[in-house]
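These protein sequences, in sequence, are chains X and C. Sequential numbering of the first sequence, starting at 1, is according to our numbering. Sequential numbering of the second sequence, starting at 1001, is according to our numbering. All C-beta atoms in this analysis are idealised placements derived from N, C-alpha and C, irrespective of residue type, glycine included.
2 protein chains.
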Amino acid sequence: MTFSEENYIKAIYHLGIGNEKMVSTNAIAEKMETKPSSVTDMIKKLSDKDLVNYKKYQGVSLTELGRNKALSIIRKHRLWEVFLVDKLDFQWDEVHEVAEQLEHIKSEKLIDKLDTYLGHPKLDPHGDPIPTKDGKFKETVKLLLSETPINSIGVCIGVKDSSATFLKFLDKHKIALGDMIKVLDKEEFDGSLHIQIKQRNLLISEQIAGNIFVNLV
Amino acid sequence: MTFSEENYIKAIYHLGIGNEKMVSTNAIAEKMETKPSSVTDMIKKLSDKDLVNYKKYQGVSLTELGRNKALSIIRKHRLWEVFLVDKLDFQWDEVHEVAEQLEHIKSEKLIDKLDTYLGHPKLDPHGDPIPTKDGKFKETVKLLLSETPINSIGVCIGVKDSSATFLKFLDKHKIALGDMIKVLDKEEFDGSLHIQIKQRNLLISEQIAGNIFVNLV
DNA sequence: ATATTTTTTTAGTTATATCTAAATATGATT
DNA sequence: AATCATATTTAGATATAACTAAAAAAATAT
Chain X
1 MTFSEENYIK AIYHLGIGNE KMVSTNAIAE KMETKPSSVT DMIKKLSDKD LVNYKKYQGV
61 SLTELGRNKA LSIIRKHRLW EVFLVDKLDF QWDEVHEVAE QLEHIKSEKL IDKLDTYLGH
121 PKLDPHGDPI PTKDGKFKET VKLLLSETPI NSIGVCIGVK DSSATFLKFL DKHKIALGDM
181 IKVLDKEEFD GSLHIQIKQR NLLISEQIAG NIFVNLV
Chain C
1001 MTFSEENYIK AIYHLGIGNE KMVSTNAIAE KMETKPSSVT DMIKKLSDKD LVNYKKYQGV
1061 SLTELGRNKA LSIIRKHRLW EVFLVDKLDF QWDEVHEVAE QLEHIKSEKL IDKLDTYLGH
1121 PKLDPHGDPI PTKDGKFKET VKLLLSETPI NSIGVCIGVK DSSATFLKFL DKHKIALGDM
1181 IKVLDKEEFD GSLHIQIKQR NLLISEQIAG NIFVNLV
């Protein structure tokens, strides 16, 4: 598979949210930042290779083979993201572009060893689940801390606002990626949240809570 | 620069041993496993981009710009090799193919951080020097242990025979990559070498010594 | 039900990187 | 110096992946 084919398969996967949903030519064109006519050409090739189901004017969906390929690429992408953040000290918001390139490296041994080296992570730095080698992964519920029900516990998996100011705020209050956060109470008055993090109790504004993503556990 | 252009620049560098030596079209074709006519086409493009000096029928050499590009690619290749061996536990002889892909990843930040992460290594797993960011590197004298003069000291940087049997032998006698080896004496009779390694004295056959590469220090 | 708009496809073109076959230049041999 | 062999280049063709412009199908509106 060429880089281009892999990128199309990935785009179709994301647009169809994995399942068998039909994806339109225009939607793919927009996502790939290309023209619909180019998409039609590529779809035909992918169809010849049995990676997508295609009937003229009816949109496309991934075949079983296509879905597996997509998951394999997504696995690689997310493992590399973990590597960049955990080992090379990249910021969460800097990794995407580089991972877009690394995901196309072809070596099963490499990705197996990388997975082991990273300790078989389940989530990438943005809190998205990493498929296993055989294409399975736990769908997680990712939501904003401000939307998290009282008494539930979430793992901090990312931010919406990644400005230096906000990151500095988080650093100051020792809120970091991977931290367990329990929502204790919500103020009626202004939506402020009482949270528990690392045995500490903290009161944060609704605006702060609205910029922190968590995975429910 | 495309992958293909980068591979040509690298091939020309290696064939010209870095310096201004003229490299023939046929030599490049052989190294790249392609046809001379394809090489001519590519050379013209590289010449237009000021990466090579080219006069019809006279061969090519790298320009200053081309040389810098070549060194940058080689730097990336060798740093990735170190990563694969040191961090991911690849064998010395398994890394080349994967590094051939990784060397084309475009991100200066990535390679800087990788370099730091690896501790700014000077040599790759095969004992070849890693150029610095500004394109400088120490040329080292790489030779077989069997050819190393008496009383000189070398760092073990690779093996000629990478069979399981031989690697097992090295393991058993605790001879590893990076070890300092001093040649104490050579037996007239059969060429056996008395060596000193990690405060231990060892007698190894000429055949063993002929399969270990060292860098003189 | 027909007309209009939108979506999708087809047909023809371009750029990259390759190839084969033919032509031309260089270097070696007589 | 002319001939031959080798090396190199040119010309023309192919596959990939993109594009534009025009045609055709589907969806929407009148």
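Problem - Identified DSSP bridge partners for X:I197 - result: Under the DSSP definition of a beta bridge, X:I197 partners with X:I181, X:R200.
Handout entry: Where the alpha helix (DSSP H) containing C:I1175 begins and where it ends
Key = C:I1175 -> no alpha helix (DSSP H), and no H or E assigned at all.
Handout entry: Selection from X:V95, X:D48, X:T148, X:L114 that minimises the alpha carbon distance to X:N215
Key = Here the closest residue by C-alpha is X:T148.
Practice task
Determine whether the Cβ of C:S1004 lies closer than 8 Å to any Cβ atom of chain X.
Solution key: Residue contact with chain X for C:S1004: absent (no Cβ-Cβ distance below 8 Å to any residue of chain X).
Practice task
Within the same chain, show all residues whose beta-carbon is closer than 8 Å to that of X:T40, passing over the 5 residues directly before and after it, in chain order.
Solution key: Answer for X:T40: T25, listed in chain order.
Exercise for the section: Could you name the residues of chain C that X:S107 contacts, counting a contact when the two beta carbons are closer than 8 Å? Expected result: What X:S107 touches in chain C: E1097, V1098, Q1101.
Exercise for the section: State the beta-bridge partners of C:K1087 as determined by DSSP. Expected result: DSSP output for C:K1087 lists no bridge partner at all.
Problem - Under 7 Å from the C-beta of C:D1089: neighbouring residues of chain X - result: Result: K113.
Exercise for the section: Check whether the Cβ of X:Y54 lies closer than 8 Å to any Cβ atom in chain C. Expected result: For X:Y54, the nearest beta carbon of chain C is not closer than 8 Å to its own beta carbon.
Handout entry: Neighbourhood of X:L102 by C-beta, 8 Å cutoff - its chain only, sequence neighbours within 5 removed
Key = For X:L102, where only same-chain residues beyond five positions count, the Cβ hits under 8 Å are K76, H77, W80.
Handout entry: N-terminal and C-terminal residue of the alpha helix (DSSP H) that C:L1123 is part of
Key = For C:L1123, there is no enclosing alpha helix (DSSP H), as DSSP gives it neither H nor E.
Exercise for the section: Could you list which residues in chain C have their beta carbon closer than 8 Å to that of X:L118, in chain order? Expected result: Within chain C, no residue comes near X:L118; the closest Cβ sits about 10 Å away, beyond 8 Å.
Problem - Completely contained beta strand (DSSP E) runs for the region 1012-1088 of chain C, where each covers 3 or more residues - result: For secondary structure counted as the beta strand (DSSP E) over 3 or more consecutive residues, the region 1012-1088 of chain C holds these complete runs in sequence order: 1052-1054, 1060-1062.
Exercise for the section: Please decide whether C:L1218 counts as near chain X, where near means a Cβ-Cβ distance under 8 Å. Expected result: Residue numbering for chain C in the displayed model covers 1001 to 1217; residue 1218 of chain C lies beyond these limits and cannot be assessed.
Practice task
State yes or no: is the C-beta of X:K198 within less than 8 Å of the C-beta of X:D185?
Solution key: Cβ distance not < 8 Å, so X:K198 and X:D185 don't count as in contact.
Practice task
Just grab the DSSP bridge partners of C:F1213 for me.
Solution key: Its beta-bridge partners are C:L1144, C:G1158.
Problem - the region 1095-1113 of chain C contacting the region 89-100 of chain X, beta-carbon criterion three pairs below 8 Å - result: Contact holds between the region 1095-1113 of chain C and the region 89-100 of chain X, because three or more Cβ pairs, one in each stretch, are under 8 Å apart.
Exercise for the section: Measure the alpha-carbon distance for X:L202 versus X:K142 and round it to whole angstroms. Expected result: Roughly 22 Å between the two C-alpha positions.
Problem - Contact belief for X:L144 with X:F213 at Cβ below 8 Å, rounded distance in angstroms - result: Cβ atoms of X:L144 and X:F213 come within 8 Å of each other, at about 6 Å.
Exercise for the section: Classify C:I1105 as helix, strand or coil using the three-state DSSP reduction. Expected result: Here C:I1105 sits in coil by DSSP.
Exercise for the section: Return the Cβ separation of X:A29 and X:K21 in integer angstroms, given the expectation that the two are a contact with Cβ distance under 8 Å. Expected result: Contact flag wrong, Cβ pair sits at about 17 Å.
Practice task
Out of C:L1051, C:I1043, C:K1049, state which residue places its alpha-carbon closest to the alpha-carbon of C:Y1057.
Solution key: Ranking C:L1051, C:I1043, C:K1049 by Cα distance to C:Y1057 puts C:I1043 first.
Practice task
Compare the C-alpha of X:I17 against each of X:M1, X:L71, X:S4, X:K45 and name the closest.
Solution key: With distances taken between Cα atoms, X:I17 lies closest to X:L71.
Problem - Proximity below 8 Å, CB of C:D1048 to CB of C:T1063 - result: With respect to C:T1063, C:D1048 sits apart: the two C-beta atoms are not nearer than 8 Å.
Handout entry: Secondary structure of X:K138, DSSP reduced to three states
Key = Residue state, collapsed to three classes: coil.
Problem - C:K1133 - partner residues in DSSP beta bridges - result: Per DSSP, none; premise fails for C:K1133.
Handout entry: Residues near X:K69 by beta carbon distance below 6 Å, same chain, minus five either side
Key = Taken in chain order, the residues that qualify are I9.
Practice task
Return the chain-ordered list of same chain residues with a C-beta closer than 8 Å to the C-beta of C:I1150, the five sequence neighbours on each side being excluded.
Solution key: So the qualifying residues of the chain are V1183, L1184, D1185, K1186.
Practice task
Using alpha carbons as the reference points, say which of C:C1156, C:S1163, C:E1094, C:G1191 lies closest to C:K1174.
Solution key: Of the candidates C:C1156, C:S1163, C:E1094, C:G1191, the one whose C-alpha sits nearest the C-alpha of C:K1174 is C:C1156.
Problem - Identified DSSP bridge partners for C:K1168 - result: The partner list for C:K1168 (beta bridge, DSSP) is empty, contrary to what the question assumes.
Problem - X:N7 to C:T1165 span [Cα, whole Å] - result: Those two C-alpha atoms are separated by around 43 Å.
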